[in-house]
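Below you'll find the structure, written out as structure tokens, and then a few comments.
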DNA sequence: TTTTCATGTAACTTGTTTAGTTACAAGATG
DNA sequence: CATCTTGTAACTAAACAAGTTACATGAAAA
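Residue numbers (my numbering), protein chains in the order written: chain A, 3 to 154; chain B, 3 to 154.
Rendered as structure tokens:
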């Protein structure tokens, strides 16, 4: 199952907590994955201007805009709007009228579900996710993000 | 992409139009696929009692209940409730509080979308799909289902 | 200027899932 | 008993995300 959105949000919040630029290496360790995966995930966000990257000493990744100004819908689009719905039609543009009727019914429902998701995404900012994270940290009694992960 | 629901609905409506039992062979031709695919698709529906199958001469597939009594939700469940949403979490039960916050936000949205789909499915019967199909047939001026497919 | 660090990106491998295919056993009808 | 049809397992093919490896590019430090 596609976990790119989940992954990239995780990365972004870690970045936001990080003092100064965070390298792909650092982020990859926090996510138990590979630096190249981080770079691949972030490519679209960089192009859209949500994050910045720099090469060489002291380089790495930084937020380029405030968390308040970035919604989940922005992040989702920056990933290339990957498929949300797992069920599709057997064929688009079928000649068979039976299949047309089936497609019409399913399309209507799936479009509504997709619209619902995008609506909600557009109403959640990275800042609100960050607030939720800090609330969880208080609830647990952790003082730093470093206490909060052991590889995951 | 998973097109089993689309496929099985297509099969069911063809079956409903068919005089007497329809063989897997016949249905497979109408769907441009293989008889074994039809049998595999229908296995769950047979177990749930929505369709009947018979071996030997004059055998094949028939509806076991009126179209009016079968909803898309019934069919969906008979398929084993395959995944509706294509995006998931990187890991369930993460230790990382960042990931917990991300998961919570995504889960909430995805659950809502899934509930919306299932709600709609439960309100659409095979009979209503069939009515839509017949309306399309009238609109096109076809007199028989046989005019409506050339392999699809 | 040379070394080191870090990103950018392509290519390949792996794992998972659906669809399609083949083959054949089991059972029902003529 | 011959034929038809389902039931099911096993295999292949195609698609796709994720992980991995490798190396070119470019920036900072020594």
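We put the beta carbon where it would ideally sit given N, CA and C, even for glycine. This one's a predicted model, so the numbers in the text were calculated from it and none came from an experiment.
Practice task
Would you decide whether residue 122(A) is buried or exposed? Buried here means 16 or more other CB atoms lie within 10 Å of its CB.
Solution key: For the purposes of this step, residue 122(A) is identified with residue 120 of the first chain, where counting begins at 1. The residue in question, residue 122(A), is buried, as its Cβ has 16 or more Cβ neighbours within 10 Å.
Problem - Within chain A, partners of residue 36(B) - CB distance below 8 Å - result: The sequence position of residue 36(B) within the second chain is 34, counting from 1. Going along chain A, no residue has its Cβ under 8 Å from residue 36(B), so there is no contact; the nearest lies around 13 Å.
Exercise for the section: Would you kindly work out how many angstroms separate the C-alpha atoms of residue 12(A) and residue 101(B), rounded to a whole number? Expected result: Residue numbering aside, residue 12(A) sits at position 10 when the first chain is read from its first letter. Residue numbering aside, residue 101(B) sits at position 99 when the second chain is read from its first letter. Answer to the nearest angstrom: the Cα atoms are 6 Å apart.
Exercise for the section: Identify whether residue 40(A) lies in helix, strand or coil by the three-state DSSP scheme. Expected result: Position 38 of the first chain, counted from the first residue, corresponds to residue 40(A). If DSSP states are grouped into helix, strand and coil, residue 40(A) belongs with the helices.
Exercise for the section: Give a yes or no on whether the minimum CB-CB distance between residue 4(A) and chain B is below 8 Å. Expected result: Here residue 4(A) is taken as the residue at index 2 of the first chain, counted from 1. Output row for residue 4(A): interface = yes.
Problem - Partners in chain A for residue 20(B), counting only beta-carbon separations shorter than 8 Å - result: Residue 20(B) sits at position 18 when you count from the first residue of the second chain. Within 8 Å Cβ-Cβ: nothing; residue 20(B) doesn't reach chain A, min ~11 Å.
Handout entry: Residues within the segment 88 to 109 of chain B neighbouring chain A, beta-carbon criterion of under 8 Å
Key = 88, 89, 90, 91, 92, 93, 96, 97, 98, 99, 100, 101, 102, 103, 104, 105, 106, 107, 108
Handout entry: chain A contacts from the segment 59 to 75 of chain B (Cβ-Cβ distance under 9 Å)
Key = 74
Exercise for the section: Could you tell me whether any Cβ in chain A is nearer than 8 Å to the Cβ of residue 16(B)? Expected result: The residue you call residue 16(B) lines up with position 14 of the second chain. For residue 16(B), the answer is yes, since a Cβ of chain A falls inside 8 Å of its Cβ.
Exercise for the section: Compare the C-beta of residue 8(B) against all C-beta atoms of chain A and say whether one is closer than 8 Å. Expected result: Counting from one through the second chain, the residue named residue 8(B) turns up at place 6. Closer than 8 Å to some Cβ of chain A, the Cβ of residue 8(B) qualifies, so yes.
Practice task
Pull up the distance between the alpha-carbon of residue 41(A) and that of residue 74(B), whole angstroms please.
Solution key: Your numbering for residue 41(A) matches position 39 in the first chain. Your numbering for residue 74(B) matches position 72 in the second chain. Rounded to whole angstroms, residue 41(A) to residue 74(B) spans 42 Å at the Cα level.
Problem - Cutoff 8 Å; reference residue 109(B); Cβ partners in own chain excluding five residues on either side - result: Reading the second chain from its first residue, position 107 is the one you call residue 109(B). So the qualifying residues of the chain are 91.
Problem - Beta-carbon contacts of residue 135(B) that lie in its chain and below 7 Å, excluding the five residues immediately before and after - result: Your numbering for residue 135(B) matches position 133 in the second chain. The answer, listed in chain order, is 15.
Handout entry: Distance CB(residue 99(B))-CB(residue 138(A)) smaller than 8 Å
Key = Position 97 of the second chain, counting from 1, holds the residue named residue 99(B). Position 136 of the first chain, counting from 1, holds the residue named residue 138(A). Yes.
Handout entry: Between the CA atoms of residue 26(B) and residue 1(B) - distance to the nearest angstrom
Key = The structure shown does not extend to residue 1(B), since chain B is modelled only from 3 through 154, so no value can be given for it.
Practice task
Please work out which residues of its chain come closer than 7 Å, Cβ to Cβ, to residue 3(A), disregarding the five sequence neighbours upstream and downstream, and give them in chain order.
Solution key: Taking the first residue of the first chain as 1, we reach residue 3(A) at position 1. Contacts found: none.
Practice task
Could you tell me which of 22(B), 6(B), 69(B) sits nearest to residue 126(B), measuring between CA atoms?
Solution key: The count along the second chain starts at 1 and reaches residue 126(B) at position 124. Of 22(B), 6(B), 69(B), the residue nearest in Cα terms is 69(B).
Handout entry: Residues near residue 43(B) in its chain [Cβ-Cβ closer than 8 Å; skip 5 each side]
Key = As a first step, residue 43(B) must be located in the second chain, where it is residue number 41. Same-chain partners within the cutoff: 6, 9, 10, 13, 81.
Problem - Where residue 31(A) meets chain B, residues with beta-carbon distance less than 8 Å - result: Walking along the first chain from the start, residue 31(A) turns up at place 29. In chain order: nothing, as chain B lies at least about 12 Å away.
Exercise for the section: Report yes if the C-beta distance between residue 66(B) and residue 51(B) is below 8 Å; otherwise report no. Expected result: Mapped onto the second chain, residue 66(B) falls at position 64. Mapped onto the second chain, residue 51(B) falls at position 49. Contact: yes.
Problem - Heavy atom of the ligand PLP within 7 Å of residue 65(A) beta-carbon - result: Questions concerning the ligand PLP fall outside what the structure shown contains, since it holds no ligand whatsoever.
Exercise for the section: Starting from the Cα of residue 77(B), find the closest Cα among 141(B), 19(B), 46(B) and give me that residue. Expected result: Position 75 of the second chain, counted from the start, is the residue given in the question as residue 77(B). Of the candidates 141(B), 19(B), 46(B), the one whose C-alpha sits nearest the C-alpha of residue 77(B) is 46(B).
Practice task
Examine chain A for any beta-carbon lying closer than 8 Å to the beta-carbon of residue 47(B), and answer yes or no.
Solution key: Counting from 1 along the second chain, the entry for residue 47(B) is found at position 45. No, its Cβ sits nowhere closer than 8 Å to a Cβ of chain A.
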